[in-house]
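Data first, discussion second: the structure below is written as structure tokens.
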Amino acid sequence: YSVSLNGTSGVTENGAPRFYRYTFSGTVTVSTGASVLPFDLNAVRTLDNTTLTGVTTQSGQGVDAQITFTARGGGAITAQAASDSNGLYSVTLAPGTYDVYARRSFGSVAFFARISVAHAATLDRDVPLSAAFLLSGVVSDPLGAPTSASIAIASSAQLDLTAGTDGRFQALLPEAGYSITATKAVTENGISVTYRGATSLTLDVDSNVVLSLVKAVSRSVTMSWDSSQRREIAAGDSVVYTILVRNTGNVADTFRLDGTPADWQFTFSPSSLSLNFGSGATSVPVQVVIVSPTNALVNHPSLRIVATSTTDASNAGDVIVNVNITRVRGLSVGLDSTTAAFDGRFLNYTLHVKNEGNALETVQVEVTNPNEVAAVGWTVSLGAASGPLDGTLLRNVTVDANQTATVRLRAASTSGSSGATVVLVVSAQDSPAVSANKVFTLDLPDLAPGTVTVTGPDITRTAPLNAPLVAVAIGAAAAIAVGVYLTRKRR
Numbered sequence: 012y013s014v015s016l017n018g019t020s021g022v023t024e025n026g027a028p029r030f031y032r033y034t035f036s037g038t039v040t041v042s043t044g045a046s047v048l049p050f051d052l053n054a055v056r057t058l059d060n061t062t063l064t065g066v067t068t069q070s071g072q073g074v075d076a077q078i079t080f081t082a083r084g085g086g087a088i089t090a091q092a093a094s095d096s097n098g099l100y101s102v103t104l105a106p107g108t109y110d111v112y113a114r115r116s117f118g119s120v121a122f123f124a125r126i127s128v129a130h131a132a133t134l135d136r137d138v139p140l141s142a143a144f145l146l147s148g149v150v151s152d153p154l155g156a157p158t159s160a161s162i163a164i165a166s167s168a169q170l171d172l173t174a175g176t177d178g179r180f181q182a183l184l185p186e187a188g189y190s191i192t193a194t195k196a197v198t199e200n201g202i203s204v205t206y207r208g209a210t211s212l213t214l215d216v217d218s219n220v221v222l223s224l225v226k227a228v229s230r231s232v233t234m235s236w237d238s239s240q241r242r243e244i245a246a247g248d249s250v251v252y253t254i255l256v257r258n259t260g261n262v263a264d265t266f267r268l269d270g271t272p273a274d275w276q277f278t279f280s281p282s283s284l285s286l287n288f289g290s291g292a293t294s295v296p297v298q299v300v301i302v303s304p305t306n307a308l309v310n311h312p313s314l315r316i317v318a319t320s321t322t323d324a325s326n327a328g329d330v331i332v333n334v335n336i337t338r339v340r341g342l343s344v345g346l347d348s349t350t351a352a353f354d355g356r357f358l359n360y361t362l363h364v365k366n367e368g369n370a371l372e373t374v375q376v377e378v379t380n381p382n383e384v385a386a387v388g389w390t391v392s393l394g395a396a397s398g399p400l401d402g403t404l405l406r407n408v409t410v411d412a413n414q415t416a417t418v419r420l421r422a423a424s425t426s427g428s429s430g431a432t433v434v435l436v437v438s439a440q441d442s443p444a445v446s447a448n449k450v451f452t453l454d455l456p457d458l459a460p461g462t463v464t465v466t467g468p469d470i471t472r473t474a475p476l477n478a479p480l481v482a483v484a485i486g487a488a489a490a491i492a493v494g495v496y497l498t499r500k501r502r
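When we follow our numbering, the leftmost residue of the sequence shown carries the number 12, and every step to the right adds one.
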């Protein structure tokens, strides 16, 4: 048997699409009675590119030219082609985006454009040459001496050239607006530094440009801190750390040091640094004394130390340092007498639970003598600031450091008497020893001495007469009177 394979497949390599063709040709012999036969296909993989064909023309006539296809993206691979005397050319290109530059070996005509090449067996693309002008230039270093450099000439496409040691370059280009950029990388203080010069023009005649290179300044700074220095202090105390500052830009610079948040104090020694760049710019140690506020919390904001360029404040580096604050715990509870109220059925109290420590607490609030309260004719229940009131134990009340939470207490009297004593205890759920208590008396409001007065429409101090009963009484009296009169008359 003859075996052949011919197929294509697309893959992504290093972020770029690639199209491949796989081929194989061979033979295999199958023996009588064989049910399984191993057979490997050692396929050959080749790029399955697009063949681009067309004609280079001048004034509509085919002419010879040299064509450069410069890869710009999408998997493109730079290639070159030459058209024959009739202008015919053919080139195999990987699909992608290309900048195409074509010119003849003589004459002032050229073509310059950006094109996209799709994945296909063949594509047609003619290259019409048009009138072009000579763009010449020279590149000089910061001292004014000619120097070599990389040149980029850009319009809708980009042409890359190299200026020689004499600083000169030239290109024949169609009429258009162009930006010209010269770039040169040099080594200073052991690091790579870029120098750049740029200009722009509208090319409609032969033109010359001069590009003077200047340093592309980069300012940056890095900071570091060894976390093994981390210490725990009490609120209001201080700690001394050492941080390292390094100039990672490409120019010497001076940096100012600051720290945040604002309620912490930062004192630096020295307070500013003048640092060189490159291999000679070693990391410089700076000592910082950090004083915590007297009310510092365990969970406090991050401590950020910043080095800012005094030349350009937009360039800064920072480092986060950590200081542990020793935890302090304490609770208190108070009764808000101004909000106590009796609504005719219940006595309602507001309690304030304060976390006097420097970290969040989860507490429980409990009436510890409910039986004694019940024995004198009272029932009590607890609740959060909002929600139902239920039972004499309220759990999972969270109180932020140095903050207060509101708890409601409702009491009902079954005997109508005052004077029941309530013992209330607030304690941390993870540490009952952290607690506070409040003892207070349940008192019904006292009525002032004297009579009770009521006012309103149709309200009198005496009970109103019952009209139907009055009518019956009057009728009875009249009947009795008539009877007496008749009796007397008969006599």
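We treat Cβ as the ideally placed atom computed from N, Cα and C, and that holds for glycine. Given the structure is predicted, the values throughout are model-derived calculations rather than measurements.
- By the C-beta criterion, the segment 303 to 310 is judged to be in contact with the segment 245 to 252, since at least 3 inter-stretch pairs fall below 8 Å.
- Residue pairing of residue 377 in beta bridges, as defined by DSSP: 404 and 436.
- Scanning the segment 17 to 65 from its first residue to its last, the whole beta strand (DSSP E) runs of 3-plus residues come out as 27 to 38 and 55 to 58.
- Cβ atoms of residue 174 and residue 192 stay farther apart than 8 Å, at about 12 Å.
- The beta carbons of residue 373 and residue 414 sit no closer together than 8 Å.
- In this chain, the beta strand (DSSP E) harbouring residue 276 covers 276 to 280.
- Classified as buried, residue 360 has 16 or more neighbouring CB atoms from the shown chains inside 10 Å of its CB.
- Between residue 216 and residue 84, the alpha-carbon positions lie close to 32 Å from each other.
- Rounded to the nearest whole angstrom, the C-alpha separation of residue 130 and residue 60 is 7 Å.
- For residue 81, the beta-bridge partners assigned by DSSP are 110.
- In this structure the segment 362 to 376 does not lie against the segment 424 to 434, because fewer than three pairs of beta carbons, one per stretch, are closer than 8 Å.
- Between residue 58 and the set 79, 17 and 331, the nearest pair of CA atoms involves 17.
- In the structure shown, the three-state DSSP call for residue 359 is strand.
- Secondary structure of residue 186 (DSSP, three-state): coil.
- For a cut-off of 8 Å, the C-beta gap from residue 164 to residue 189 is around 6 Å, short enough to register as a contact.
- For residue 243, the enclosing beta strand (DSSP E) covers residues 242 to 244.
- Sequence-distant Cβ neighbours of residue 77 in its own chain, meaning closer than 6 Å and more than five residues away, are 93.
- Residue pairing of residue 157 in beta bridges, as defined by DSSP: 151.
- Bridge partners of residue 367 according to DSSP: none are assigned.
- The Cβ-Cβ distance between residue 111 and residue 126 falls below 8 Å.
- For residue 414, there is no enclosing beta strand (DSSP E), as DSSP gives it neither H nor E.
- Classified as exposed, residue 56 has fewer than 16 neighbouring CB atoms from the shown chains inside 10 Å of its CB.
- By a beta-carbon distance limit of 8 Å, residue 309 contacts residue 336. Their separation comes to about 5 Å.
- Counting of Cβ neighbours within 10 angstroms places residue 68 among the buried residues, the total reaching 16 or more.
- At a Cβ-Cβ threshold of 8 Å, residue 178 and residue 158 count as neighbours.
- With 16 or more neighbouring CB atoms inside 10 Å of its own CB, residue 264 falls in the buried class.
- When secondary structure is reduced to three states using DSSP, residue 289 falls in the helix class.
- Residue pairing of residue 125 in beta bridges, as defined by DSSP: 110.
- Taking a contact as a CB-CB distance under 8 Å, the pair residue 410 and residue 380 does not count as one, their CB atoms being some 24 Å apart.
- C-alpha of residue 271 to C-alpha of residue 228: approximately 29 Å in a straight line.
- With a cutoff of 8 Å on beta-carbon distance, residue 91 and residue 108 are scored as not near each other.
- Excluding residues up to 5 positions away in sequence, 300 lie with their Cβ nearer than 6 Å to the Cβ of residue 278 in the same chain.
- For residue 320, the enclosing beta strand (DSSP E) has its first and last residue at 314 to 320.
- A residue is called buried when at least 16 other Cβ atoms come within 10 angstroms of its Cβ; residue 114 meets this threshold and is buried.
- Per DSSP, residue 266 is one residue of the beta strand (DSSP E) stretching across 264 to 271.
- Using a Cβ distance threshold of 8 Å, residue 153 and residue 225 count as a contacting pair.
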